[in-house]
Each structure stands twice: as C-alpha cells, then as structure tokens.
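The structure appears right after this line, and notes come after that.
In our numbering, the protein residues as written are 1214 to 2209.
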C-alpha cells in the first residue's frame, strides 16, 4: 500500500495501540453475542486451506527427537509425533492450559488451584492437582515435560512446545517483514494453528476465559495483518467476501473497515467504499458516541479525491509457462485414512516455500514422502485423493507417472522415460533435451527450481528408480508410493515414511457406505461386519466385493456375506472376490510382489504361511525356515521391505489373512508335503521347549519333563530370569494357544498335551482360565484318540488334573470333581505316586471351595503325607500351607498360624516364591482372624509384593481383597477403599469367576 493515507493506515494496523474498540471481539454486548460462533467458522475456513501443515515440522522438542506440542488454540489436547492425544476432563485440561500459558515458568500450587477451581476449590484440591499432573505426564509420554519445581510445577516443552508460543512468534515475525509475500506466509502459517475458539472446553473459569479472549484478539490481529499483506500483493478481488463477513462480525473495528474500503475502491467501487465509511461512522456515533480515527478519515479523503497512490500495485508482466495437471481421476468413494492424510499434510510447510519454517526446524531440503504398504492396501488411491486436495498449494503444476514397479507386464518404467515425460509436460522442445539420464535429470531439476510443483511417483520398484525424478531445491513436493519399504529413500533423502496398513473396521465400513449407500449398509450391520472380516479389511478385496453388491442392488448384503462364508477359508475367499481383470484380482496383485522376491525370501514367506496365530517371533520364524535366527534375518528383511510381512511390534512379524492364504497356495505348489510337516514339527518344538523352560523358571514346583530333543534346525531361546520368562509368555500367548490347536490338527499328540501343560502356570496366573480349559480339552481329546503308539498315563492324568483344577476356577464344580477324580484313578493305576498326590491336593482345594472342610482337610493331609514320603519338599510345603488354610476355615486359627508359619519358612528356604506368596497370605489371614489386623496387613504386604513380582494377577487380586478387609478392621477406610478399587480393576481383566 502506498500514499500518505495508505501508509498511515498500514502503520496503524501494525501498531497495537491503534483503536479497534476491542470490547466487540468476544461477546461484549448483545450486538456481537454471536461473535465466538462466527469466529470459529472463520478460523476453521483458514485451517482448511492447509490442514495440519504446521504440526510435524515445528513440534521438535528440546532434544530434537519426538515432536510434542500442547495445543490451546481450539479444544485443549496434545500432539505427539504428529498424532493428537485427547485430554480427558475439564480440570485436567485447565491445569494443562494454565501451565501452557506460562511456558518455562513455575506456577505455584496455590495459583494453580485458584485458576483451575476458582473461588470454591474442593478440600482435596492439592491431591487432585497432583493426580491431574500425573495423568498429564502419562498423556504427554514424558514425565520431564511437566517438572516439579518448588513451589509448584513448570511446563518444559521447549520454545515451540505450545501452539500459542508458535503463533505469537509467527505473527511477530510477520509484522516485522517488509515484503508482503513473506509477511503473508508467516501470518498464514500462524493462523492455521487455530482449530476453533481458543481454550474451547475450559469455559466458566474466569482467568482462562480472559486468556481465551486474549487469544481471540491475537487471531484477529493476525487476520487483519494477513489481509493487509494480501492487499499489498494485489489480491483485493479474492479478499472482498472475507472482509464483508469480518466487518459484519466486528462492526466497530476501524482497521477491518479500512481494509474493506480500500478493497472496494481498488475494485472500482468508490461509492461503495465511501458508503462503508459512512456506515461505520454512524455505528460508532450511535453506539459509542465517538468518531472514526484520523487514519480512517485520511483514507476517506484519499478515496474522495481518487488519490492515485491508493491504486492497486501493478502486476509484474511475465510469460505464462506450461502448467501441467497430470493427476489421474481421484476415487470418488475414498474413505478413512485420516492419520495418513494428516501425515502427508504435515509436509506442506516445507513444500510451499515457507522459508521461516525450514530455517526454524532444520528441514530446508526437498519435501519427499514415501507411502508404502502391501499389495491392494490402497496406497495409490490415498495419494491421488490427497494430491487433488493439495493441488491448489502447487500453482506451477502437478506431475504424475505410474512407474509400474509391480506390474503384470513385469517391466518397470525406465527412469529416463519418466524424466522425458515430465520435460514434455513443461513444453521443453525435443531439441533442448540432452542425451543421457543424468543430463536429463539435471534439466528437470533446473526447470523445477523456484517453482512449486507436486510430483506423484506411483508404484515405484525401489528408491533407485525414483531418485532421478526428485527435484533438487525446496518448493516442490514428491510423493512416492511403493510396495517396497523405500528404506534408503528415508535414510538418505530424508523422506517422510507414511505406512499404509489395513483399514480399521470402522474405515472399512465407511468404504462400503461410500460405495453402497448409508441406508443399505445400516440395514444389515451383521452382514457388513462379516464382509469386512472375510475381506481381511483389505481395500482392494472390499472394493471388489462392494462392486459385486453395487451391480446387484436388489441382492441383500447377507447373500454376499453368505457367498464369502461358503468359501470357507481365506483361500476360498480369494476365489470368491477374484476380479474380472488382473488389476482387480487380489491373487494377481499379490503375485506381482511375490515374483519380485529372491528365492530365500519366497521360501520363507511360504513357510510362514504354515504357522497359526496372529504373529511370530524371531525364534518361530527361524524354526520354520530351519536356519539360525541370524540367517533368517536377511530374507525376513526383504519380506518386510516388500510389505508382504508386517512388523506391528518390535521383533514380531505377521501376514494378513488373504496374503497368508496366497502364500499357502504357493507352498502347496512349490514345496513337498514332507517338508511342510518337518517345518511344522520344528515350529512346535520351538514353542514346546521354550515354553517348558520358561514355565520352570516361573514355578520350580513344575520340575523337569521328558521332552526329547528338538528337531535339527529348531531355535530354542531360553529365558534366564522369571521376568524374561513372563515377558516371553506375554508376547507368545496367542501363538501358543494356536500352536496347541495346530499340534492337535496335524496329529502331533505328544506336543499337544505337553504344550498345554507348559502354558498352564502362565495362563492360570494371568486369569485366562477359559483359554486354559480350552487347551486342556484339546489335549485330552488328543490323548484319548489313541494316535500315539503308547498312551503316556502320567501325562493323561496330569491333563485331567489340570482340566479339573481349571474347571473349579470357572465354577464348573461337577466337571472339576469328575476330572480330578479321574486323574487320581489314572495316576493310581499307573503307579504314579507324585501325580496321585498332586491330584489329591487339588481335589482338596476343590472341597475347600465347596466348603466341605473336613473332606478338604482329609484329602490335603493325605497329599501331604504322600509328598513327605516322596521327599518332594516344595509340594510338601504347599500342602502344609493348604492344611493351615483349612484349619483357619474351621475356626482353628492358632493351629492354622502354626502350620502356615512352618510352610512359610520352608518356601523361603526352597526359593519357592509362589509358595511363599501363598504362605504369607495364609499367615496374614490367621493373624487377621486372631484379632491383629496390623500384623495381618504386614503379612499381606509381603504376599502382594511376591505376586506382583511373579505376575500372578489372580493372586494379586485376592490379596488386595484381604488387605481391604484388614484396613477396614484397622479403622483405615480410605486405604481399604483404594485396595478394593485396585482389586476390582484387576478382576475386570480376568476371566469371570462364579458370582462375578
């Protein structure tokens, strides 16, 4: 803007003391009571112009590692590594907001209580504040971010740790800029941080309401400055609708009215510009009794005399270069992928020439995204959909090429051909194109320099194919899709990895809604759920299934679900959803990736299809391959890079169901049946030998088992500590359950019952009693069907005993008594005194549950005598402790205390930690019944620590219930309630017990 009036008005805009009658900006009077709603809409419109583009680049924390940002310019939440984490509860949000508005400052506990609770804090406000801070630390994922500093707390999230700090810095930078284009970039970036009304969900707290007003004023100031900068760029025609809306929302704001007047004048509407001045003067006079300021009066005078210095700046003459627009048609029924779209949006900052951003974050290179995922997962649809959304940010063009890296023709596009295609798109004459790929790529980079161009490189074979096609200077953005992981592109070019996984169930449902209509999908929810499950949530499979349904609108979706169900297996589902051409046939699409594998990786994929369960650890994969774990890493890495195998958690890999079916079909074609069976044998040996070793670490009473040697080529990791054993079981729980079923189905009967025995302790301690019953039922059927040359009677008795004990856990008492009785009979017939003693011990435990105390005591004392004769000190101590429990239930508490103390001494001496936990619990119970709750509490504390160390969740819950009762009797109801709460929380995670 030039001229005296224009300069005066611009200076007033930058000067924060210029009169803007601020009482109007956030609900000051009835005339503007709707302003917050209108402000929210205006802010949302600004945000949509480039959603999320700030969030990743500026959230780098003080270590330069994970991005973390507290967001206050809208609903209060936090952003960690580009993902929003909600903050639950108004008070928690208020605590975070107060700390976020004092970044780097210590806020005293007293001031926090005053600001968060106002004039009526609860009596436990300080304790509640501590609880809220603990919650916030967990939400932020880093305890150090909210530091305890006397006399209160400090938010230490770095200089850009809040969106408010970033917005204030950016607006200040924009106001300092003399160049209108640079100013506009700063201000636009700042305004995009607003996501709605600031502190939207902390209303009703006076200080935070004041801060929300201040932040609303900050937005309005930045908005004014942005409009002024865009006027300086000659964009008056585009600004008129915004200015008309803003002046209606802020009828006293002289700066906005001045911008509106200038815009109207530059559009040749002098009379309208003067009318806008008269309306403002009337409003100010009628409502406030004041006249417009000097700057606005000067502007009116300039318009009256048609001052040439108020004219729009002359545009720079330039020849229009060719603007390619090569994006293919977007999928009109695209659904879901919110997270992936936001991650791509985060690249828009560096790609649209915001040099301040790149300087701040050290990301001044070319923006590149590597969008990777398995065949049929929807990478191309995602990127093309996003590219159409972002195209407006790239006024110099959008380039697209299908590189055919995985294609039925088998021949990827030569990078030189792709480069020449891009040069043609820019109108480069053939005579100007040099010879050789390197020179042609150099010419392309020269053409792209200084331009803002979006480049989509679809279906790349690998990083080498795309490198010649990448621009060399900032301003452009390249998005690459591939089934390959493009690891080197991420490592060397700094590409942003965007992994595309299977759709969630909700996203899959949305896809069907988009293709079939909401009414049709809502009418058959069960059928929709089955279609989604049968298609393994793979977009390609869902699209083919939806296409079938769309061409037959009269056909119920239940019929489509039934046809997929009739296929029976994932392999049958591949038949049912085979498309009419290779591009829409999942088998064909998978085959293009499979054919690109080296032989070792292809063989490993086929071997992995033989394994049941959801995922596989490194030892299981190596055992399937029959090679050491180190040797399996190379082909496994190739499968991961090809996105045929997925690593959801470190060290664990899986295939989705349809890929597993395809790989199993290839195994049937390429591998002999004996090789299959040998691989399964090695896998079962891996699980059995590792589980047995881990179980003996958890419970020394288990003792050694006769397992035989594992097959050659089997990997058997051996945990060294109880903690390692428990962690291995936690990671392998589902694969172990599946392995029991696989062993039974494949006729490995010995593995079936031995595996069931090996997982018993872990599943029991974790409260997975229905799973435990299922594996022992499978084991018992395998033992009774007579496949083994000679039935192992000791093993049969142990299985019946374990099944009976588990039935007792879940309230099936008749079945429990039947199986425990059968176990005693089998062990007696086999002359197995140890098995007979254990079965009797557990039958005594069942009698105790059923309150048959004399019978329980008789059975347990007989088991005690048998263990004594066998010299089994661990089981003897446990049986001794059990007799003490029973004496306690008979009211004989002193005798109970004596026996349980003796058992406690023995378990400690034998390092039987689980037996020790039970003995401490029993001693505590005796003290409690003898009227000494304080001593009982001490004993229960020892038991609780032991159960926590062992990972026995059911034991932990039982002791917490005992502790609660003891604290009640010790006149400590608060602690009692806390123990009860913890116990109930644990019980909610266990299989339901009778009466639960």
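Glycine included, C-beta positions come from ideal geometry on N, C-alpha and C.
Check: Cβ neighbour criterion (16 or more within 10 Å) applied to residue 2091; Outcome: buried
Check: Residue closest to residue 1409, alpha-carbon to alpha-carbon, out of 2053, 1426, 1983; Outcome: 1426
Check: Residue span of the beta strand (DSSP E) that contains residue 1593, given as start and end; Outcome: Taken as a continuous stretch (DSSP letters only), residue 1593 belongs to no beta strand (DSSP E), being part of the alpha helix (DSSP H) at 1592-1603.
Check: Three-state class that DSSP yields for residue 1859 in the structure shown; Outcome: strand
Check: Among 1555, 1369, 2176, nearest to residue 2154 - alpha-carbon criterion; Outcome: 2176
Check: Rounded separation between residue 1710 and residue 1582 - CA only; Outcome: 6 Å
Check: Cβ-Cβ distance between residue 2179 and residue 2200 below 8 Å; Outcome: no
Check: Every unbroken alpha helix (DSSP H) within the region 1683-1769, with a cutoff of 4 residues, ordered by chain; Outcome: 1700-1706, 1718-1729, 1731-1736, 1738-1747, 1752-1764
Check: Closest by C-alpha distance to residue 1916, when choosing among 2068, 1454, 2047; Outcome: 2047
Check: Other residues of its chain near residue 1526: CB distance less than 6 Å, five sequence neighbours each side excluded; Outcome: 1447
Check: Which residues DSSP lists as bridging residue 1361, in chain order; Outcome: 1366
Check: Cβ-based burial, residue 2094 [other Cβ within 10 Å; buried from 16]; Outcome: buried
Check: Contained alpha helix (DSSP H) runs [length at least 4] in the region 1306-1347, N- to C-terminal order; Outcome: 1322-1330
Check: Nearest neighbour of residue 1801, chosen from 1619, 1961, 1898 [CA to CA]; Outcome: 1619
Check: Closer than 7 Å: residue 1893 CB and nearest the ligand COA heavy atom; Outcome: The ligand content of the structure shown is nil, which means the ligand COA is not present either.
Check: Beta-carbon spacing of residue 1867, residue 1829 below 8 Å; Outcome: yes
Check: Beta-carbon contacts of residue 1953 that lie in its chain and below 8 Å, excluding the five residues immediately before and after; Outcome: 1965, 1968, 1969, 1972, 1988, 1991, 1992
Check: For residue 1866, the residue or residues it bridges with in DSSP; Outcome: 1829
Check: Residue-chain proximity (residue 1689, chain C), Cβ-Cβ < 8 Å; Outcome: In summary, chain C is missing from the structure at hand, where a single protein chain is found.
Check: Rounded straight-line distance, which links the Cα of residue 1963 to that of residue 1929; Outcome: 18 Å
Check: Outcome for residue 1705 when other beta-carbon atoms lying within 10 angstroms are tallied against a minimum of 16; Outcome: exposed
Check: DSSP three-state assignment for residue 1516, whether helix, strand or coil; Outcome: helix
Check: As assigned by DSSP and simplified to three states, the class of residue 2123; Outcome: helix
Check: Segment contact flag, the region 2027-2039 with the region 2072-2079, C-beta cutoff 8 Å, min 3 pairs; Outcome: no
Check: Buried or exposed by the 16-neighbour rule on C-beta atoms within 10 Å, applied to residue 1768; Outcome: exposed
Check: Alpha-carbon spacing of residue 2053 relative to residue 2008, whole angstroms; Outcome: 16 Å
Check: Beta-carbon spacing of residue 1851, residue 1808 below 8 Å; Outcome: no
Check: Where the beta strand (DSSP E) containing residue 1611 begins and where it ends; Outcome: 1611-1615
Check: Cβ pair residue 2173, residue 2137 closer than 8 Å; Outcome: no
Check: Own chain residues within Cβ distance below 6 Å of residue 1986, not counting five before or after; Outcome: 2019
Check: Residue environment, residue 2227, which counts as buried when at least 16 other CB atoms sit within 10 Å; Outcome: Residue 2227 is absent from the structure shown; the chain starts at 1214 and stops at 2209.
Check: Distance between residue 1560 and residue 1724 (C-alpha atoms, nearest Å); Outcome: 26 Å
Check: Where residue 1356 falls, given that 16 or more other Cβ within 10 Å makes a residue buried; Outcome: exposed
Check: Range covered by the alpha helix (DSSP H) that runs through residue 1397; Outcome: 1393-1404
Check: Alpha helix (DSSP H) runs contained entirely in the region 1399-1460, provided each spans 4 or more residues; Outcome: 1419-1445
Check: Nearest candidate by alpha-carbon position, reference residue 1283, set 1458, 1543, 1900, 1350; Outcome: 1350
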